[in-house]
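Asker: One structure follows; several queries about it will come next.
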Amino acid sequence: MRDYTKIEAWKLADDLTVAVYEQTRLFPKEEIYGLTSQLRRASYSVPANIVLRPVGA
Amino acid sequence: MPFKQLRDAFMSGKQWILTSALPFIMQGLFNPQRLTAHGSYSRCRNLTQGNKPDILNGASKGREGSAKNGSKQCSRVWATRRREGSSRESKKDYLHFLYIARGSLSETQYFVHLSRRLGYLSDSDADNLIGQTRQTFACLHGLILAVEKEAGKFGTPVVPLSVVSSLIFLCLILL
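Same order as they appear, the protein sequences are chains A and B. The first sequence maps to residues 23 to 79 in our numbering. The second sequence maps to residues 22 to 196 in our numbering.
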């Protein structure tokens, strides 16, 4: 696996994920398993999928 | 051992075992680097089994259902896929994951919009997040285009340069 931290898209996606986690900390309790969870999952899926760079690519 | 699996499959007469075990057997026979001796496979296996008291065990209790479990699951998937023969090792596979990332980014954008509509996010916070998603989208789009070009999805030349140069040479000779 190459160094994914040098990919600009990954850096931005990582920053976005951190921002989303910080913002969703103040969401209401009833949304913990709803919108909060979905928003967090969608946001961390972006850098996670960029990281999944195979050896040959 | 591959021969033992093959023999057992023949002896038991279960064809489905033979067909399912055959790829592993062939890989074990013809692959000079045996899977069990493969460094990345053994590391993935160690991570999955938790042989090392790794950082995941130090994660807080509240994270067990999300980050901790997700990391363990990912490590298990990686160990399995290394064993399957690393089917991801191509640019087209990577493109597939980049498209998923793009879809997730659009999803994030909509959830931010929804959070604002529901009053969970202030306008400034939502605008900030939307701006970040747009920036990320632009960058990710560039990455996708670059990988698509590398993968030869759209960037295949119609006529090779050598053919063009030889045609020009022929024209010059004829003239």
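Note that beta-carbon positions come from the ideal geometry of N, C-alpha and C, so glycine has one too. Fair warning: this is a prediction, and the values are worked out from it, not measured in the lab.
1) How is the alpha helix (DSSP H) around residue 118 of chain B delimited, first residue to last?
2) Is residue 125 of chain B buried or exposed, if buried means 16 or more other CB atoms sit within 10 Å of its CB?
3) Using 8 Å as the threshold, is the C-beta distance between residue 129 of chain B and residue 68 of chain A below it?
4) Ordered along the chain, which non-local residues of its own chain (more than five positions away) have a Cβ less than 8 Å from that of residue 122 of chain B?
5) Quick one: what does DSSP say residue 148 of chain B is sitting in, helix, strand or coil?
6) Skipping 5 residues on each side, what residues in its chain have a beta carbon closer than 6 Å to that of residue 32 of chain A?
7) Taking only beta-carbon atoms, is residue 25 of chain A less than 8 Å away from chain B?
8) With a cut-off of 8 Å, does the C-beta of residue 54 of chain A fall near any C-beta of chain B?
9) Which chain A residues are close to residue 187 of chain B, counting only those with a beta carbon under 9 Å from its beta carbon?
10) Note down, in chain order, every chain A residue with its Cβ under 7 Å from the Cβ of residue 160 of chain B.
11) Is the Cβ-Cβ distance between residue 61 of chain A and residue 42 of chain A less than 8 Å?
12) Say whether chain A places a C-beta atom closer than 8 Å to the C-beta of residue 128 of chain B.
13) Residue 65 of chain A and residue 38 of chain A look like a contact to me (Cβ under 8 Å); what is the Cβ gap, rounded to whole Å?
14) Under 9 Å between beta-carbons, which chain A residues line up against residue 164 of chain B? List them in chain order, please.
Answerer: This is what the structure holds:
1) 112-139
2) buried
3) yes
4) 161
5) helix
6) 26, 69, 72
7) no
8) no
9) Chain A residues near residue 187 of chain B: none, gap ~33 Å exceeds 9 Å.
10) 30, 31, 34
11) yes
12) yes
13) 6 Å
14) 29, 30, 31, 32, 72
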